[in-house]
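Residue numbers (the UniProt record's numbering): 1 to 100.
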Amino acid sequence: MMSCSPLSHLCRIFFAGLLFAGLLSACAGVPVQEMSDARQAVEAAHQADARIYAPEELQAAENLLQRAEEALTEGYYRQAREDAEAAREQAVSAQSKSSP
């Protein structure tokens with residue numbers, strides 16, 4: 001019967017911790033796609049005259065996008081992602097209310 005040495009046990013724990021940390025950092029990466037999607041959705045809402053037909057939704061989208069930009073600048077990527085996704089949803093809503 002083989003026994004594990006304390007060193008090999010510590011190595012396994014160390015590498016498992018590294019793997020876990022790597023997975024967490026992948027989830028918390030810079031939300032490039034979400035920010036781009038939000039910017040494009042807000043621009044599309046502007047093009048659809050949402051300022052006239054859905055001013056509240058457009059303003060909410062712009063405010064959320066601004067918050068996302070600030071969070072991104074400060075390194076709060078999870079908050080930036082959440083705000084960008086909410087901004088996109090508001091902008092899409094504004095655009096749909098502006099379309100015939």
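Each residue gets a CB set at the ideal place from its N, CA and C atoms; glycine is no exception.
Original post:
Where do the N-terminal and C-terminal ends of the alpha helix (DSSP H) with residue 54 fall, by residue?
Top reply: Unbroken run through residue 54: none, as it is neither H nor E.
Subject >> Option in 98, 91, 50, 51 with minimal Cα separation from residue 36 >> reply: 91
Original post:
Going by beta carbon distance, what residues of the same chain come within less than 6 Å of residue 65, once the five residues before and after it are set aside?
Top reply: 38, 42, 87
Original post:
CA-CA distance, residue 68 and residue 74?
Top reply: 10 Å
**OP:** Out of 63, 97, 99, point me to the one whose CA is closest to residue 82's CA.
**Re:** 63
Original post:
Which residue's Cα is closest to the Cα of residue 116: 57, 76, 52?
Top reply: Shown here, the chain extends from 1 to 100; a query on residue 116 therefore has no answer.
**OP:** Would you mind giving the Cβ-Cβ distance between residue 45 and residue 98, rounded to the nearest angstrom? I have them listed as a contact below 8 Å.
**Re:** 7 Å
Subject >> Nonlocal neighbours in the same chain, by C-beta distance under 6 Å from residue 79, ignoring five residues either side >> reply: 71
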